[in-house]
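Chains as they are written, first to last, in UniProt numbering: chain A, 1 to 427; chain B, 1 to 288; chain C, 1 to 529; chain D, 1 to 377.
Beta carbons: idealized from backbone N, C-alpha and C, even for Gly.
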Amino acid sequence: MKIKTLTSAIVLSGATLIALPSLAAETIKVGVLHSLSGTMAISETTLKDTVLMMVDDQNKKGGLLGKKLEAIVVDPASNWPLFAEKGRELLTKDKVDVIFGSWTSVSRKSVLPVLEELNGLMFYPVQYEGEESSKNVFYTGAAPNQQAIPAVDYLMNDLGVERFVLAGTDYVYPRTTNKILEAYLKAKGVAAKDIMINYTPFGHSDWQSIVSDVKKFGSEGKKTAVVSTINGDANIPFYKELGNQGISAEDIPVVAFSVGEEELSGLDTKPLVGHLAAWNYFQSVETPENEAFIKAWKAYTKNPKRVTNDPMEATYIGFKMWANAVTQAGTTDVDAVEQAMIGQKTPNLTGGIAVMNKNHHLSKPVLIGEIQDNGQFEVVWETDGVVAGDAWSDFLPGSKDLISDWTAPIKCGNYNTKTKTCSGQNY
Amino acid sequence: MSALALNGLESTREFFRRDQVWPFLAPEQAQVNVGNQMILYVEDLNLSFDGFKALNNLNLYINDGELRCLIGANGAGKTTLMDVITGKTQCDSGTVYFGQNHNLLNKDEAEIAQLGIGRKFQKPTVFEEQTVFDNLELSLKTDKRVLPTLFSRLTPTQIDRIDDVLKTIGLAKHRFMLAGALSHGQKQWLEIGMLLAADPRLLLIDEPVAGMTAQETERTAELLTSLAGERTVIVVEHDMEFVRSIARTVTVLHQGSVLAEGTMDQIQSNKDVIEVYLGEEAAGEEIA
Amino acid sequence: MALCCCLFGLFSLPSFAVESTSLDPLLADLVDAKISKMVPILDKIEKASDETVLPLFRTLLNGDLYYIKSTKQVVGQFDTNGETLYKDVFTGQAHPALTKRDVKKIRVNNTLRGYLRNAIARIQLTSKNSSVRESAVRELLSKLDDDTVDILERLYPHETNKKVKQAMGLALAMNTASQTQLAVSNRIAAIDTLADSLENDVRNLLTTLSNDENPAIQEASKAALDTIAQRANRFAFVDQLFFGLSLGSVLLLASIGLAITFGVMGVINMAHGEMIMLGAYTTYVVQLIMPNYIDYSIWVAIPAAFLVSGLMGVLIERLVIRHLHGRPLETLLATFGISLILQQLVRTIFSPLNRQVSTPSWMSGSWEINPVLSLTLNRLYILAFALLVFIALVIILKKTSLGLNVRAVSQNRNMAKAMGVKTNWVDAMTFGLGSGIAGIAGVALSQLTNVGPNLGQAYIIDSFMVVVFGGVGNLLGTLVAAFTLGIATKFLEPTTGAVLAAILVLVFIILFIQKRPKGLFPQKGRAAE
Amino acid sequence: MTRLMKYFSEGRTSGKHTLPFVVILLGVTILASAANLFLPADSALYVSTYTITLLGKYLCYAMLALAVDIIWGYCGILSLGHGAFFALGGYAMGMYLMRQIGDRGVYGNPLLPDFMVFLDWKELPWFWLGMDQFWFAMLMAVLVPGVLAFVFGWLAFRSRVTGVYLSIMTQALTYALLLAFFRNEMGFGGNNGLTDFKEILGFNLQADSTRVALFLITAILLAVIFVVSQKILSSRLGKVVLAIRDSESRSRFIGYRTDRYKVWLFVYSAVIAGIAGALYVPQVGIINPGEFSPINSIEMVIWVAVGGRGTLIGAVIGALLVNYAKTRFTAIMPDAWLFALGAMFVLVTLYLPKGLMGLYGQLKAKRNTVMNKEPQA
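The structure is reproduced here in structure tokens:
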């Protein structure tokens, strides 16, 4: 009796798991691996919607290879181990042909081994710290040299900034970016005492003392700027504090790498006018593609107030390129698509053409925008032409000898040009 | 300077006193030393809860093997006294000795219990989620450190012990019943039984017959009187009938100190006792 | 802003005819110029006129300057409650016909803004309003170029207002001090006068002078720097103290509601954070309803938030907690479930994105006591507000019949019941009160941090720490605990960094509770057991 | 009636579950493993590696639930910080796996893990030494949580911190550790934690055989721990523990040093949690500070509550069911699963105070009483 119930309890749970997934071959399956709950939902739900919109759009055009696309959405719930698990689920149970997903580095790192084990294909649409290049991942967001370094150049050349505050949330992206920037600035002859580095925990909400420190640091004569790698949630209190302590953009401009239209939509930008952000995309850029995209987005979300942002463009480009690569390869087979991806060209929403390089990173233009009182950015500076994303920074001692090249003969994500070796590949 | 030196000297002297060995060298005297018939010495005990003096220079001496009744109005400090003796509450000043060699004030509840002082609470507290048998098993006099307890097994003698305790408290046929399912009176009995199982030297029993039927009360009286002699029993009770039925010596507490002590008759004829304690009763009689 | 633009427009009416004609060509250039070429033009404009160009510069500075595509004529864009309309910046005469289509924005960037601010300051040196003049002078301290100095020297003798004169004196002293060709004695004298100013620019000047080739100058400026440093440090300490108090006030607001539900009722309300969140969202909704009256929105939001969270609290109490009486640890589990539900609820209703809650004008900015010490207004208000709420609560508990009942029930439920207190009702009310206050806290927090589904999560643990540290069931304890922790954190931060500070505080609390298991102010007597 | 009452007193009945539980547990795991290894992928009975790792994870959670139940269900200590012990065990294993990568990291540095290289650290922090030895790492996996639990428990229980206060303190403990492990200076990989493991004891972690082996080991260890705990709890010590739960002061007055019992039980439970963590990491392939987050620790308590505290079997079932439900919800209705989870917590605490096992007990009780009645009628 007891035994029976027990068995049923366990077997039941087992059975439903073991039940085989239906292998519908008629559709091409697109996995979406973005958190819909938990702390990262704020940013990631937008990208989920973007992918769904692109899939709809593609299906309207008749799908790919004569098949319809089918989006399969799962929720890793901002729980990093869950990214690995859900990734495995998408690849083994749902047998998806491609995954669009991840926002934080840790979620990517968590799902990476699974992708490499099962030879999946993922598009990662967010600016990140670099220092990675996997055969199974395409990085359509900015690498440090496509965001941080141009921004600092702009500060030094156009605004004549001589002192830098590198403020960031204490995790790998700011750590690495700031390491790179520190090295770069020193190389440019900035003295160590003119660089102030500060780290805060996630969702830090009490910025009084740090902002006042920045104020002091900036009041010592030389032109000062803050380079902010502060993560999503912590930004709003940070900017509010800036505004209240009366730090205007003319005195101490703040250039942010993770503050886009979406983040700004969460606060009143009047006091922030003139602060900067460096991205590869701004909603305010006026090109026909962009206008079309924004229109489609607002229509899709049925919300005329919805804003677009850089990771969305990255998703857009990634999706377009993947679609092209699939048509070109005539199959969704990962290895074929992976090779076909390299060299793909897609027009940016901001004009110009994005190119997928041998290192699975994009060549994109870099824009710097000033925050406007309507929560938008106004482009004040942009690179002439595109910048090629660099997987391995030349400013870190560990990685200056490494390159990534996924074409024969090297076919390696971290090829050491000195020792001519390729270490730690999982395949 | 010199003063300091002197102090130092003093303390060293103190430390090397000839007439006694260092405490950590002194052998652990498990046996309670009841040299001159005294088992419990309570001397000028003081305790106050923010302002209110619960115990006030209380002195109390209990002979080995006697049955003593404590009476007194509410707040006279009866329960508080028991709390101090059993280590539940710390007193402000005074001394409490168990025998001549055990200072109870520097021991915690567990140690005191292991010395052989059992306590029964006002409202019966037994382990409701466990069977009567387990309750008794837990209170057996055994090595109560963690590991021994883990590996201990019930010995036949222990089982016998539990069985006759069960008989004495008349719960033999309920041995596998959950204690929680017992009636109020039965719980009272079980709690007393738990004291017996630990065969203590001194029992502190707080209102044993509260909520008992007449015959239950009777049997309790018999039990307690039978206990006295080999064990020492201190009973706190409001039920005057009951007290009269068992008491040999009665101590009246009033406002945290001993008001009177003696046989029931002496007590009842005692003036101030009548005033403060039986006062209202007497008045009542007159009116009637 | 718009308003004061108009004012200046009025000022300038008499001389208007002359000005605009001479300006028109320049304005035309301005319209055509690329952003990098604008400074010289503006320079010309400034030279060519006087105060009358202020409105032009101001509008430009605010990025409100547009030009009509057809006529290339510049106009200012003004938002007067809700709708935008375009006016001539000089005359303030409106162009009702114009719409967004017809006009194009004249762009500005940081360099331009910087220039404009100085230009405006220079012009304002001759302003009629003394305080304006003073701020103008202080503005210019950082850029003492020759012509500025000339103007100052011209104006100094005629200046009547004491403070302005002082400021100008300071500026001139800085100038003399930095002039190497002047006699050393004068310069030293100047430096000595500088010693009692706290202006950053002064400090920077002195630092540069302190390695001047002339030893005497070095000495003097070093000495001056020291005196300045001493005063500055004193103010820095005050500053830090304020930070601590402010953080404390936030903690107090967040935890005081809990002090009631947890302290008085013994309910571990894991959904407390969500009550705060509801309050914040209420603020957001209120502002949605009355977009043109942001300044007053707070006063509506506070009672609204109290009601919303309070009612939710009562609901929770009636539906769930009532059934878990005397099982505190299980209230923890149930309320945790509730918190999950509430979070997801707002996620589905308001989307997971943060919501924009704008700060009323009277709460933004800061109170400049002197160049090194300025207290941000919103935090000042919140500090005061927290104390008010606290006092109000104490009064409710001590003076009202509800308070009496609450205390009765918390001390001896059955007795209270026997005395005819409607314990059910009291429980509901108590829980409602606690939750309602959490809601009010939400209003305050919406001014400091982002209003999103995770708002509550950020504060729940801190709140529990505060209540436990202060001693459960003791409001005073909560007050003391909140400020102690706040100040401690803020004084640790500079040396340890934010993260380590938080950790150390937690560890401290853990150890403290080992020493005093019942917190700072424990409940005494048998009732406590 | 008496027989029934006796029947449902904990510590006696739960003993009855032990054998069937062990049999079923090992049976199912062995079958599943065999199905995964020996059946072709297209067979109807094939168990995918995804399922295996999933089940493996569940079993780790079950072990963790066991740990929580032992102190909460049996001793009434509600710890909201067991995630800390779990995570510490996990980190110990993670550090070992990290060291196993050796020079196969992307930077090819033989000594330093990748995250140290690109934050350009020069040498290995002292607490990473020895972690390349499996035995040492495993020793740490049980020792670190054990010692932490001992120190914390010793402080807390001796000064008689109980009930809510204790719960909040444990929460503070895990929260403090969360913040600490987030710091990159700590040398545990900060927010990213430890990941990209290659092999364990020379076996490739990505090989199905290794996964199945880990899965089996987990199952066996779970069974062992279950049996041992069962033995302990049905010994006299178990009775003392129950006594402490029901009336701590009483237990003191009959001479038990309750604080010591609590400390040792707490340590035991913490060690189990540590083991669970150590088994968890190689199967999910990452350990990061997220595991310390107080929310996780609360969830564990919920598993136990759902299954039925005070019965080991209940804890295990609770963990399995809740996590299974979670997996399904997040797959089926991602947007709404928090609703479901939340609702579950509320309903269980309201209507199933003794969890599913309690419900099962009541049903059984009803049936028996009915049976008892019928003959009389």
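By the Cβ-count criterion, HIS174(B) is buried, with 16 or more other Cβ atoms from all chains shown falling within 10 Å of its own Cβ. The alpha-carbon separation between PHE123(A) and GLN344(A) amounts to approximately 14 Å. Secondary structure at GLN283(D): helix, using DSSP grouped into helix, strand and coil.
Listed by position along chain C, the residues whose Cβ is nearer than 9 Å to that of ARG160(D) are PRO517. Here the stretch 242-250 of chain A lies against the stretch 105-115 of chain C, with 3 or more beta-carbon pairs under 8 Å apart.
With contacts defined as CB atoms closer than 9 Å, ILE70(D) and LEU222(D) fail to qualify as a contacting pair.
Any Cβ of chain C closer than 9 Å to the Cβ of THR349(D) would place that residue at the interface, and such an atom is present. In this structure, the beta-carbon distance from LEU247(C) to THR449(C) does not fall below 9 Å. Annotation: ASN424(C) to PRO352(C) spans about 36 Å, alpha carbon to alpha carbon. The beta carbon of ALA198(B) sits closer than 6 Å to the beta carbons of GLY118, SER139 and LYS141 from its chain, once the five residues preceding and following it are set aside; these are given in chain order. Chain-order list of chain D residues neighbouring GLN114(B): GLY255, by C-beta distance under 8 Å.
By the 16-neighbour rule on beta-carbons within 10 angstroms, PHE188(D) is buried. Residues are counted here when their Cβ sits less than 9 Å from a Cβ of chain A; for the stretch 498-516 of chain C these are ALA498, VAL499 and ALA502, given in chain order. The CB of ASP246(D) comes closer than 8 Å to the CB of PHE127, GLU128, GLU129 and GLN130 in chain B, given here in chain order. Exclusion of the five residues before and after ALA232(C) leaves VAL372 as the residues of its chain whose Cβ lies within less than 6 Å of its Cβ. Any Cβ of chain C closer than 9 Å to the Cβ of ILE332(D) would place that residue at the interface, and such an atom is absent. CYS412(A) sits in a strand when the DSSP states are folded into three classes.
Given a length threshold of 3 residues, each whole run of the beta strand (DSSP E) inside the stretch 362-419 of chain A is given here in chain order: 362-364, 367-371, 377-382, 402-405 and 412-416. When the Cα atoms are used, GLU131(A) and GLU263(A) turn out to be separated by approximately 26 Å. Contacts with chain C at 9 Å (Cβ-Cβ) do not include ARG260(D). Residue state for ASN198(A) is assigned as strand, using DSSP reduced to three classes. The shortest CA-to-CA distance from ASP194(A) to any of ASP206(A), GLY203(A), LEU166(A) and PHE202(A) is the one to LEU166(A). Rounded to the nearest whole angstrom, the C-alpha separation of PHE491(C) and ALA384(C) is 21 Å. Contact check for VAL451(C) and TYR281(C): beta-carbon distance about 6 Å, within the 8 Å limit, so the pair qualifies. About 17 Å separates the beta carbons of GLY238(D) and GLY308(D), which is beyond the 8 Å limit, so they are not a contact pair.
The stretch 152-165 of chain A makes no contact with the stretch 369-379 of chain A, as fewer than three CB pairs between them are under 8 Å.
Around ARG119(B), the beta-carbon contacts reaching into chain D at under 7 Å are PHE253.
Going by DSSP, ALA329(A) is part of the alpha helix (DSSP H) stretching over 310-329. Going by DSSP, GLY63(C) is part of no alpha helix (DSSP H) at all; its letter is neither H nor E.
In the DSSP secondary-structure assignment, PHE49(B) is bridged to PHE52(B).
Residue environment for GLN230(D): buried (at least 16 other C-beta atoms within 10 angstroms of its C-beta). Residues of the stretch 112-128 of chain A that bring their beta carbon within less than 8 Å of a beta carbon in chain C are absent altogether. The DSSP-derived three-state label of TRP121(D) is coil. Taking the Cα positions, ASP132(D) is about 6 Å away from GLN100(D). When CB distances to chain D are screened at a threshold of 9 Å, the residues of the stretch 394-418 of chain A falling below it are LEU396, PRO397, GLY398, SER399, LEU402, GLY413, ASN414 and ASN416, in chain order. Between VAL252(B) and ILE234(B) the beta-carbon gap is near 14 Å, outside 8 Å, which marks them as no contact.
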